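Line order of the protein sequences matches chains A and B.
So the first sequence is residues -4 to 281, counted in the working numbering.
So the second sequence is residues 5 to 292, counted in the working numbering.
Just so it is clear, CB atoms sit at the ideal spot from N, CA and C, and this is done for glycine as well.
As the structure is a computational prediction, the values presented were derived from the model and not from experiment.
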Amino acid sequence: MKEVVVLSGKGGTGKTSIIGSVAVLSRKRVLADCDVDAADLHLLLDPSIEEKHEFRSGQVAVIDKDKCTQCGLCQELCRFDAIKDYTVDPISCEGCGFCSHICPADAIVMEECKAGDWFVSSTKHGPLVHARLGIAEENSGKLVALVRQQAKEIAKKKELNYIISDGPPGIGCPVISSLSGASLALIVTEPTLSGIHDLERVLGVCKHFGVPAIVCINKYDLNEENTASIREYCQKNGVDVAAMIPFDNEVTEAMVRGMTVVEHSDGRVAKEIKSLWQKIEQKLQG
Amino acid sequence: MIISVASGKGGTGKTLVAASLALSLKDTYKVQLLDCDVEEPNDHIFIKPDITRSEAVSIPVPAIDEKKCTHCGKCAEVCAYNAIAVVAEHVLTFPELCHGCGACSYLCPEKAISEIPNTIGKIETGEADGIIFGHGMLSIGQPMAPPIIRKVKTLIDKERTVIIDSSPGTSCPVVEAIKGSDFCLLVTEPTPFGLNDLILAVETVRQLGVPFGVVLNRIGVGDSKTEEYCAKENIPILLTIPLDTEIARLYSRGIPLVEGMPDWKSKFRELFDNIKEIVDEGSRSLKR
Chain A
-4 MKEVVVLSGK GGTGKTSIIG SVAVLSRKRV LADCDVDAAD LHLLLDPSIE
46 EKHEFRSGQV AVIDKDKCTQ CGLCQELCRF DAIKDYTVDP ISCEGCGFCS
96 HICPADAIVM EECKAGDWFV SSTKHGPLVH ARLGIAEENS GKLVALVRQQ
146 AKEIAKKKEL NYIISDGPPG IGCPVISSLS GASLALIVTE PTLSGIHDLE
196 RVLGVCKHFG VPAIVCINKY DLNEENTASI REYCQKNGVD VAAMIPFDNE
246 VTEAMVRGMT VVEHSDGRVA KEIKSLWQKI EQKLQG
Chain B
5 MIISVASGKG GTGKTLVAAS LALSLKDTYK VQLLDCDVEE PNDHIFIKPD
55 ITRSEAVSIP VPAIDEKKCT HCGKCAEVCA YNAIAVVAEH VLTFPELCHG
105 CGACSYLCPE KAISEIPNTI GKIETGEADG IIFGHGMLSI GQPMAPPIIR
155 KVKTLIDKER TVIIDSSPGT SCPVVEAIKG SDFCLLVTEP TPFGLNDLIL
205 AVETVRQLGV PFGVVLNRIG VGDSKTEEYC AKENIPILLT IPLDTEIARL
255 YSRGIPLVEG MPDWKSKFRE LFDNIKEIVD EGSRSLKR
């Protein structure tokens, strides 16, 4: 069983549109949407939810006003400035529990939070594991790990060859959680100075965690000079540029119709994504 | 006044808006631009500040004095993040899991735990043509962005008009960047992904109680559902930017919109005036 995760560093480079098409092109796969705080893959794949589970994680401090003597020790020791006027701000609370351990009046308890939901759905392109992190919640990394774990179990049970994951933007906790232990990272970038800057950082993360990476330059014709610099950078660093997708409104047109590009048309974008999937499959098998 | 720029979906134009707003206001107001997208900061590419100061950001992590330690296990018991484990006669620490709360060192009965700084990134400050600039950068391989965002926000100069650029999404880094703002601009695009993520972002800012409005970027693609949603929810659309390959090309070269197309300056000033009006109106109604 092999797992490919799509990352980008910079947001909005086209991860989800590409992974949606890859979902259609591939066989014997399970899909995992690891962008748990702004998941979009379901908008292309029309899933019917078969299982829904609560994700409980993290804790928040609650002060019992009747027991509290207003000594102020908790406020003084909290490093996250989460307690003011003997009241906890649940958004600032990191759930460390320090206050509950030191309260001399035993007035603080830690309560478990419902931090989101996760789902197993069926789509016409195979099973999809996805999630929704609660608004303003923490622990997105743990939810990502859970989504991947579930996808792995489905793959084992149904003897599927591939796990295809849509990752979040950035390089922090949910990205690390999506990436660690994957077989291959596909980095989708765009030929903008921001895109290049962010590509370099996310490739650094892949290297740090020892996951091989390949690059896809999306909207490559937006700035061919920048495209050339990306190719040069990748060559110098031994990273394969596996696809160059032209800018075309058909990507958005497909999205508006709630379908993937390869289902929507057989144009330039679709052709390049088909060849990209062939290359990914070769990498995964080789 | 503090204005934060957020989005839900990535790549909708937060940086374009934040940089252009700062550049449009700098001749009239004292402006500070703080890039709180510490995972992938990009404003410096457009603003090109002279960075004059760089400071490491660290969180305090435990260091165990094995001579004093009796392996009682209290530290592992109180750590909510599994960043300390006591195995037989050894204490193992995992600095990348530590949030730096300080519980272990305070509660160790033998006073065997001190705290040492673990660097997770840096902040840099400087100036660009009158704009006071600051940003944070999470080190490669480090998971935790919020401590760096908090550090960037210590730079806030209340005497200035402060513009905060945030990361995409709706989870803790975004909340950390937005909270405490007087106004939040949500930048989106009129596509199904843009709308789906805008709705999540709206829930987030509503929960934080920060007044907000929308910038609709790349109009001309997609559909009208985002506008319909804003109308239904009574959310003001404060600026629209068309889908224009020239705008995209300027962006790709790191040229701010208002420098490549100076006509846009007046639109960004108008945007600011509208924000100011909403914020002033809000504080007047609070006083009433």
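Where residue i meets chain B, residues with beta-carbon distance less than 8 Å
i: CYS168 of chain A; result: PRO147, MET148, ALA149
i: GLY176 of chain A; result: Near GLY176 of chain A there are no residues of chain B at all, since even the closest Cβ is about 15 Å away, more than 8 Å.
i: GLU107 of chain A; result: Result: empty, since nearest Cβ-Cβ is about 11 Å, beyond 8 Å.
i: ASN244 of chain A; result: VAL225
i: HIS192 of chain A; result: GLU44, ASN46, ILE49
i: ILE171 of chain A; result: GLY145, PRO147
i: LEU38 of chain A; result: PRO196, PHE197, ASN200
For residue i: DSSP bridge partner residues
i: GLN54 of chain A; result: A:GLU107
i: GLN36 of chain B; result: B:ILE136, B:VAL166
i: TRP113 of chain A; result: A:HIS48, A:ALA126
i: LYS79 of chain A; result: A:THR82
i: ASP193 of chain A; result: Beta-bridge pairing links ASP193 of chain A to no other residue.
i: ALA18 of chain A; result: Paired residues: none, contrary to the question.
i: ASP161 of chain A; result: A:VAL1, A:ASP28
i: VAL236 of chain A; result: A:VAL210
i: THR74 of chain B; result: Answer by DSSP bridge pairing: none, since THR74 of chain B is not bridged.
i: GLY173 of chain B; result: B:GLY12
i: GLU128 of chain B; result: B:SER58, B:HIS139
Local Cβ density within 10 Å of residue i, reported as buried at 16 or more and exposed below that
i: SER16 of chain A; result: buried
i: CYS83 of chain B; result: buried
i: GLU296 of chain B; result: Absent from the model: residue 296 of chain B. The displayed extent of chain B is 5 to 292, so no value can be given.
i: LYS119 of chain A; result: exposed
i: GLU180 of chain B; result: buried
i: ALA60 of chain B; result: exposed
i: ARG22 of chain A; result: exposed
i: CYS286 of chain A; result: The requested residue 286 of chain A does not occur in the structure, where chain A is confined to residues -4 to 281.
i: VAL91 of chain B; result: exposed
i: SER43 of chain A; result: exposed
i: PHE276 of chain B; result: buried
i: SER98 of chain B; result: This sequence places Phe at residue 98 of chain B; Ser is not what is there. PHE98 of chain B should be labelled exposed.
i: LEU20 of chain B; result: buried
i: GLU128 of chain B; result: buried
Beta-carbon neighbours of residue i, restricted to chain B and to distances below 7 Å
i: ARG196 of chain A; result: GLU44, ILE144
i: VAL251 of chain A; result: THR195, PRO196, GLY226, ASP227
Run of the alpha helix (DSSP H) containing residue i, from where it starts to where it stops
i: MET171 of chain A; result: Correcting the residue type first, residue 171 of chain A is Ile in the shown sequence and not Met. Counting along the chain, the alpha helix (DSSP H) containing ILE171 of chain A begins and ends at 168 to 174.
i: ARG222 of chain B; result: Element bounds for ARG222 of chain B: not the alpha helix (DSSP H) but the beta strand (DSSP E), 216 to 223.
i: VAL178 of chain B; result: 176 to 182
i: HIS37 of chain A; result: 37 to 40
i: ASN213 of chain A; result: Unbroken run through ASN213 of chain A is the beta strand (DSSP E), 208 to 213; no alpha helix (DSSP H).
i: PRO241 of chain A; result: Run containing PRO241 of chain A: none; DSSP gives neither H nor E here.
i: TYR233 of chain B; result: 229 to 237
i: GLY264 of chain B; result: 261 to 264
Terminal residues of the beta strand (DSSP E) in which residue i lies
i: ARG24 of chain A; result: 24 to 28
i: GLU281 of chain B; result: Careful: GLU281 of chain B lies outside any beta strand (DSSP E), inside the alpha helix (DSSP H) at 268 to 291.
i: CYS188 of chain B; result: 187 to 192
i: THR244 of chain B; result: 241 to 246
i: LEU96 of chain B; result: 94 to 97
i: ARG57 of chain B; result: 54 to 68
i: THR184 of chain A; result: 179 to 184
i: VAL90 of chain B; result: 88 to 91
Per-residue contacts from residue i into chain A (C-beta, under 7 Å)
i: THR16 of chain B; result: GLY7
i: CYS176 of chain B; result: GLU133
i: ARG257 of chain B; result: LEU188, ASN218
i: THR19 of chain B; result: SER189
i: VAL179 of chain B; result: ILE86, ALA131
i: LYS155 of chain B; result: Within 7 Å Cβ-Cβ: nothing; LYS155 of chain B doesn't reach chain A, min ~13 Å.
Contacts of residue i in chain A (Cβ-Cβ under 8 Å)
i: LYS52 of chain B; result: Ordered by position in chain A, no residue passes the 8 Å Cβ test against LYS52 of chain B, which lies about 11 Å from the chain.
Per-residue contacts from residue i into chain A (C-beta, under 9 Å)
i: SER171 of chain B; result: GLY6, PRO164, GLY165, GLY167
Per-residue contacts from residue i into chain C (C-beta, under 8 Å)
i: GLY12 of chain B; result: Among the protein chains of the structure shown, namely A and B, there is no chain C.
Heavy atom of the ligand GDP within 7 Å of residue i beta-carbon
i: GLY145 of chain B; result: Among the components modelled here there is no ligand, and therefore nothing to report on the ligand GDP.
Partner residues on chain B for residue i, Cβ-Cβ distance less than 9 Å
i: GLY92 of chain A; result: VAL82, CYS83, ALA84, CYS105, ALA107
i: ILE97 of chain A; result: ALA107, TYR110, LEU111
Exercise. Could you please tell me which residues of the stretch 193 to 210 of chain B, in chain order, have their CB closer than 7 Å to any CB of chain A?
Key: THR195, PRO196, PHE197, ASN200, ASP201, LEU204, GLU207, THR208
Exercise. May I ask you to list, following chain order, the residues of the stretch 100 to 119 of chain B that have a beta carbon less than 8 Å from some beta carbon of chain A?
Key: HIS103, GLY104, CYS105, GLY106, ALA107, TYR110, LEU111
Quiz item: Just by C-beta distance, which residues in the stretch 224 to 239 of chain B are closer than 7 Å to chain A?
Solution: VAL225, GLY226, ASP227
Self-check item: Against chain A: residues of the stretch 22 to 44 of chain B by CB proximity under 9 Å
Solution: ASP41, VAL42, GLU43, GLU44
Exercise. Could you name the residues of the stretch 200 to 229 of chain A whose beta carbon sits closer than 9 Å to any beta carbon of chain B, in the order they occur along the chain?
Key: VAL200, LYS202, HIS203, PHE204, LYS214, LEU217, ASN218, GLU220, ASN221
Quiz item: What residues from the stretch 75 to 93 of chain B come within 7 Å of chain A, judged by C-beta to C-beta, listed N to C?
Solution: VAL82, ALA84
Quiz item: Which residues, taken in chain order from the stretch 250 to 282 of chain B, show a beta carbon closer than 7 Å to some beta carbon of chain A?
Solution: ALA252, ARG253, TYR255, SER256, ARG257, GLY258
Quiz item: Any residues in the stretch 121 to 136 of chain B with a beta carbon nearer than 7 Å to a beta carbon of chain A? Which ones, in chain order?
Solution: none
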